[in-house]
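All the letters of the sequence shown, read from the start, carry residue numbers 3 to 70 under the numbering used here. In this text, a Cβ means the ideal position worked out from N, Cα and C, and glycines have one as well. These notes concern the structure reproduced below.
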Amino acid sequence: MPIYEYLCLKCNDKFSLLQSLYPADKSTECPRCSSKEVKKVISSFSCATGSGNSSSSMQAPSFGGGGG
């Protein structure tokens, strides 16, 4: 189950919830003020690699090419 981040439009609290893949927007409520006037916000993410690093960065592949 993914973690979604929300912003409460009533009390301006930002919170995260572990929800099903397709949560019903009307069922989500602010844990601080219980308002259902919430907006899903874009959140950052992290990924781990098998090499033991806690995060990874991806680099664009280099393409060899001719052209003149």
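For residue i, list the residues DSSP reports as bridge partners.
i	result
residue 16	9
residue 41	9
Between residue i and the rest of its own chain, which residues show a CB-CB distance below 8 Å, the 5 nearest in sequence each way excluded?
i	result
residue 3	20, 21, 22 and 23
residue 43	7, 8, 9 and 16
Starting from the C-beta of residue i, find all residues in its chain whose C-beta is less than 7 Å away, skip the five residues before and the five after it, and write them out in chain order.
i	result
residue 33	17
Quick one, are the C-beta atoms of residue i and residue j less than 9 Å apart?
i	j	result
residue 46	residue 6	no
residue 13	residue 35	yes
Identify, in the order they occur along the chain, each residue of the same chain with its Cβ nearer than 6 Å to the Cβ of residue i, setting aside the five sequence neighbours on each side.
i	result
residue 10	32, 37 and 40
residue 52	none
residue 30	40
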